[in-house]
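Residue numbers (my numbering), protein chains in the order written: chain V, 84 to 379; chain D, 84 to 379.
This is the structure we're talking about:
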C-alpha cells in the first residue's frame, strides 16, 4: 500500500518521462477518513482541479469504464473512490444519499483538496447534487451522467428494474448491466459486450466486490431519493454537463432533460441508441465533450 | 426424436436385460397435445400407475434431481414433462395455475393414461392440487413437495424472494437456487453445491432453457395463486404425501403443515436443516418414503 494522497503518477509532474499509468494499472490507495479507511485510485497530470468520480449502484472502483477514466486522466488529475461500506472501503453503507454525500465531502476534505470537479454517474450523480448544494465552494464544475434530481420520474422503480434484470441475467447467464446499461438493439447489444470486456481489462489488484448487504442498502437509499421532495436546483450555479443515453431504463432520460431545464448553467448531451450507460457506450464522444467542458 | 408415448426403457418389460437408462441418459420425446408439441422424458418399469412429475418455477426437464427421478424410476414408470411454453414445449406459458393444470390434464390424456400418480414440486404442487380437484378419477396418489395451498402464507412473496435472491446470485456469481432451495448452514451450503452438480450430470440432449417471458408469466401466476381464495381441500380424498424442508423461504413450510392438516388423507415429512429443495437435499430419505407411499 502506498502512502495516501500521493498520486501514483506524480512522476508526470517531474522532468523524467512519466511511467505508463492507466486505469487498468494504477495502484489502489487508502486514506483514513474520520477513522474509516476509504480506498481510491488517482493518476493523471498534477495541477489544475482534480476530477472526483462518484460511483453508481453496486459499483466499486472496477466498474468505471477504463476509456472514460483514461480519457479524462489525459488532461486532469482524476480520483475515483469507493463509497463507505462499498468494495474495499471500510464502514457500513449509509442508508441515504445525503449521508453518502457527507462521506464524499469528508473524503475530499481528508485528501486536502480545496476545490474539485465532480463526475457523478447515476447514484453518484445524486450524491454530486447534494455536495454542490451543501458545499458549493468546494465544487468547480459538475458532470451528471445517467442521473436525475430528487423525486425524479421513475427513480423509485430502480429496485423493480434491477430485480427484473437480475432475473433476466440469471436466466441468460449474462451480466445484468448488459440490459440495465444498454439498449437491446443490435448496436446496443454489441456495445454492451465491449463494455463488459473493458471492465475486465484490469487483471491485478482488483477491488473487493460489493456485499449483498451494501447493495440492498443502496437500493433503499435510491428508492428514498426517488420519493424525496424535489430540491431547488437553481442554487446550483456551477457549470454542469448533463449526459445520458436517449433510452435510459434505470433513471429515465426524462430526468436528464429535467436536470438540464432546472439547472441554471447546464449543457445537455443525449446519445442516440444508448441507455443508462450512454457515456460508456459513447465514450469517445463523451470524453471529447467532457474534456472541452472541463477546460478553462 | 423417437416416437411419442413409447418409453425408451420399455425393454425393461421384455425378457432381455434392460439397457442402462437413467435420468441423465433417457431420450427426450415429443407428443402433440391439441396441436402443441410437449416434450417429455419417460422410463422405468412398464405396468403399474405411472408417476407424472410437475415442475417448479423456471424449471425445465433438466431441473429434476437425477437421484429423485432415478429413485422413483426404480419401481415406477416415470414421466416428466415441460409445461406449455417452457423449455422445449411449444405454445405460450399460461398466466394461471388453473390453465397450467388444464395443460397437464390434456398431456396426460394425450399420453393415453387413465390413471396417474402425481409428484408436484412447488408450482407443480399447485398444479397437482387443481388436477386432483378437477379430475379426481385421473389421479391415484399425490406427492406435494415444497408447496402450499391457494392463498397460502407468503406465496405472494415469491416474486420478492426470487428478485432478492437473483440479485444475490448475480453479486456472488452463484446459481440462485443455492439460496432459494437450501439453508445457509454449512450443511445446506454443501448440499446446495452437490445439487447443482447433479443437475449437470446430463451432458447431451439437454432441454432448452426457459425464456425470460415464460419465467415472468409463471411468477405472475404464482403471485395470483398466493392471493387466491383458499379452496376446500377436503374434496381431495386421495392419499397425499406432503414433504418439505423445515425452513422453506419460497413457499414457507407453514404451508406444508397447512396442507397436511386440511387434506383428509395426508402424510407429512419435514426434513431438518433443509429448505425449499428439501426432497432434493434429502433424496435418499425422500425416495425411500415416496416408494413406500406409492406401493400397493
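Cβ coordinates follow ideal geometry from the N, Cα and C atoms, glycine included.
Classification of residue i by the beta-carbon crowding that lies within 10 angstroms, buried from 16 upward
i	result
residue 224 of chain D	buried
residue 198 of chain V	exposed
residue 309 of chain V	buried
residue 338 of chain V	buried
residue 170 of chain D	buried
residue 348 of chain D	exposed
residue 217 of chain V	exposed
residue 360 of chain D	buried
residue 275 of chain V	buried
residue 375 of chain V	exposed
residue 378 of chain V	exposed
residue 332 of chain D	buried
residue 352 of chain V	buried
residue 86 of chain V	Because residue 86 of chain V sits at a pLDDT of 44, beneath the cut-off of 50, its placement in the model cannot be relied upon, and the following sentence gives the value as read from the coordinates. By the neighbour-count rule (16 or more Cβ atoms within 10 Å), residue 86 of chain V is not buried but exposed.
residue 220 of chain D	exposed
residue 272 of chain D	exposed
residue 358 of chain D	buried
residue 312 of chain D	exposed
residue 167 of chain D	buried
residue 103 of chain V	exposed
residue 175 of chain V	exposed
residue 208 of chain D	buried
residue 318 of chain D	exposed
residue 232 of chain V	buried
residue 118 of chain D	exposed
residue 269 of chain D	exposed
residue 203 of chain V	buried
residue 267 of chain D	exposed
residue 389 of chain D	This structure cannot settle anything about residue 389 of chain D, because the visible part of chain D is limited to 84 through 379.
residue 248 of chain D	buried
residue 355 of chain D	exposed
residue 320 of chain D	exposed
residue 287 of chain V	exposed
residue 195 of chain D	exposed
residue 178 of chain V	exposed
residue 344 of chain V	exposed
residue 243 of chain D	exposed
residue 303 of chain V	exposed
residue 315 of chain D	exposed
The alpha helix (DSSP H) enclosing residue i, as first and last residue numbers
i	result
residue 193 of chain D	180-193
residue 377 of chain D	366-377
residue 264 of chain D	260-264
residue 254 of chain D	241-255
Element boundaries [beta strand (DSSP E), containing residue i]
i	result
residue 227 of chain V	222-228
residue 352 of chain V	349-354
residue 201 of chain D	199-204
Give, in chain order, every unbroken run of the beta strand (DSSP E) that is at least 3 residues long and sits entirely within the segment 104-170 of chain D. Here the runs fully enclosed are 112-116, 119-126, 134-137 and 161-164.
contact_flag[the segment 102-116 of chain V, the segment 322-331 of chain V] where n(CB pairs < 8 angstroms) is 3 or more: Cβ pair count under 8 angstroms is below three, so no.
Report the residues of the segment 270-303 of chain V with a CB closer than 7 angstroms to any CB of chain D, ordered along the chain. Correct list: 292, 293, 295 and 298.
Extract the residue ranges of the beta strand (DSSP E) inside the segment 276-340 of chain V, only unbroken runs of 3 or more that lie entirely within it. Counting only runs of 3+ residues, the beta strand (DSSP E) found wholly inside the segment 276-340 of chain V occupies 323-328, in chain order.
Can you find at least 3 beta carbon pairs, one from the segment 131-151 of chain V and one from the segment 359-373 of chain V, that sit closer than 8 angstroms? Yes: the two stretches touch, three or more of their Cβ pairs being nearer than 8 angstroms.
Across the segment 278-295 of chain V and the segment 245-256 of chain D, are there enough close Cβ pairs to call them in contact, namely three or more that are closer than 8 angstroms? Pairwise C-beta distances place the segment 278-295 of chain V in contact with the segment 245-256 of chain D, as three or more of them are shorter than 8 angstroms.
Is the segment 271-286 of chain D touching the segment 152-166 of chain D in the sense that three or more CB pairs, one from each, lie closer than 8 angstroms? Counting Cβ pairs under 8 angstroms, fewer than three are found: no touch.
Give, in chain order, every residue of the segment 121-133 of chain D whose Cβ lies closer than 8 angstroms to some Cβ of chain V. Answer set for the segment 121-133 of chain D: empty.
Interface residues of the segment 146-178 of chain V facing chain D [CB-CB below 7 angstroms]: Residues passing the 7 angstroms Cβ filter: none.
At a Cβ cut of 7 angstroms, what residues of the segment 230-254 of chain D count as close to chain V, listed as they run along the chain? Per Cβ criterion, the list reads 245, 246, 249, 250, 251, 252, 253 and 254.
With 9 angstroms as the C-beta to C-beta threshold (strictly closer), list the residues of the segment 335-356 of chain V near chain D in chain order. Residues: none.
The segment 191-205 of chain D in contact with the segment 125-135 of chain D per 3-pair CB rule at 8 angstroms: Enough Cβ pairs lie closer than 8 angstroms, so yes.
Could you please tell me which residues of the segment 203-231 of chain V, in chain order, have their CB closer than 7 angstroms to any CB of chain D? Contacts with chain D (Cβ-Cβ distance below 7 angstroms) from the segment 203-231 of chain V involve no residue at all.
Selection of the segment 305-330 of chain V by Cβ proximity to chain D, strictly under 8 angstroms: So nothing in the stretch comes that close.
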